[in-house]
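If you read the protein sequences in the order shown, they are chains A and B.
Quick note on numbering: this note's numbering labels position 46 of the first sequence as 106, and the sequence is numbered without any gaps.
Quick note on numbering: this note's numbering labels position 86 of the second sequence as 295, and the sequence is numbered without any gaps.
Taking it in order: structure first as C-alpha cells, then the write-up.
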Amino acid sequence: AQKVTQAQTEISVVEKEDVTLDCVYETRDTTYYLFWYKQPPSGELVFLIRRNSFDEQNEISGRYSWNFQKSTSSFNFTITASQVVDSAVYFCALSRRPGSSNTGKLIFGQGTTLQVKP
Amino acid sequence: DAGVTQSPTHLIKTRGQQVTLRCSPKSGHDTVSWYQQALGQGPQFIFQYYEEEERQRGNFPDRFSGHQFPNYSSELNVNALLLGDSALYLCASSQGTGWEQFFGPGTRLTVL
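In C-alpha cells:
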C-alpha cells in the first residue's frame, strides 16, 4: 500500500527564518513520483515540484529546495528566508509511474500548515 | 490559456439531497480526476475519467458517480447526501492518465 506521512501539523516561524517541512512515504514500487503542492487560503492546489524516484539529486528553485533521500523514504522541503506570502498549507504526495495500474492517482499526506509571522 | 475551472464555487444542500459539480479541464488536457478534501485533511482520490470512462476509483461508495463528456469536461454526482460529505471537492486535469495534474479552485459543499 502507498502512504504519505507529514508529521508536522502546524509550524510557525518569523519572517526570514528558514523552515523545513518533512515528508515520509511508503511504497512497494521501485519507480514512483513524489510531489509538493501549496494550498493558499483560496483553496486551489498549486504545483511546486515533481521528482522521479530514480533522480535523487537535490533541487533548488529560488528560496525553495527539496531533499530526496530514498534510503530513508523522505522528501523534505525547505524554504529559505521565509516570507509572509509563504503562509499556506503544504502537501506532499505520491503517485505510481505512468503506465502502471492505478497511475495518476495522487496519494496525499495530511498537510503541514505553515504560518510566517512578520 | 484558461486553467481548470469548477462550478459552482459554493453549494449548500440538506441531507438526502443530490448534487452535481462541474469541471472543465485545462486546454489540451483529456483526463479529469476528482478529489474530496475534508477540513484539515489532505485530498482523497475519488475517481478518474479518461476517454469518457471511469478508469480508476478510490474508496468511495456508489453514491459518488461521475461522467466525462466528449469535450473532456466532467461532472461529479453525489446522491443521498450525508453530513460527512461536506468538503472541498477538487478537480484536476492532466494529459493522459499518468502525468502532472493541474488543480482547479474547488467547490465547497456544505451539507446541513
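Beta carbons: idealized from backbone N, C-alpha and C, even for Gly.
Small disclaimer: the values here were computed from a predicted structure and weren't measured.
What is the residue span of the beta strand (DSSP E) that A/Ser72 lies within? 70-74
Would DSSP call B/Leu292 helix, strand or coil? helix
According to DSSP, B/Ser282 sits in a beta bridge with which residue or residues? Answer is none; B/Ser282 lacks a bridge partner.
B/Ser236 in three-state terms, based on DSSP: coil
Report the start-end ranges of each alpha helix (DSSP H) in the stretch 63-136 of chain A that is 4 residues or longer and not cut off at the edges. none
Quick one: residues in its chain with C-beta nearer than 7 Å to the C-beta of A/Lys165, no 5 flanking neighbours on either side, listed in chain order? Ser155
Would you report the Cα separation of A/Glu70 and A/Val79, rounded to the nearest angstrom? 12 Å
A/Ile167 versus A/Ile109 - alpha carbon distance: 15 Å
Note down, in chain order, all residues in the stretch 289-321 of chain B with a beta-carbon under 9 Å from any beta-carbon belonging to chain A. Leu297, Leu299, Ala301, Ser303, Gly305, Thr306, Gly307, Trp308, Glu309, Gln310, Phe311, Phe312, Gly313, Pro314, Gly315, Arg317
Would you check if the stretch 83-92 of chain A and the stretch 219-227 of chain B touch, i.e. whether three or more CB-CB distances between them fall below 8 Å? no
Excluding five sequence neighbours on each side, which residues of the same chain lie with their C-beta closer than 7 Å to the C-beta of A/Val64? Cys83, Tyr85, Cys152, Ala153, Leu154, Ile167, Phe168, Gly169
Boundaries (first-last residue) of the beta strand (DSSP E) holding B/Glu263: 262-266
Hey, could you find the ends of the beta strand (DSSP E) B/Phe269 is sitting in? Note, B/Phe269: premise wrong, no beta strand (DSSP E); not H, not E.
Report yes if the CB atom of B/Leu321 is closer than 8 Å to the CB atom of B/Tyr298, and no otherwise. no
Rounded to the nearest angstrom, what separates A/Glu116 and A/Ser134 at their Cα positions? 11 Å
Would DSSP call B/Val213 helix, strand or coil? coil
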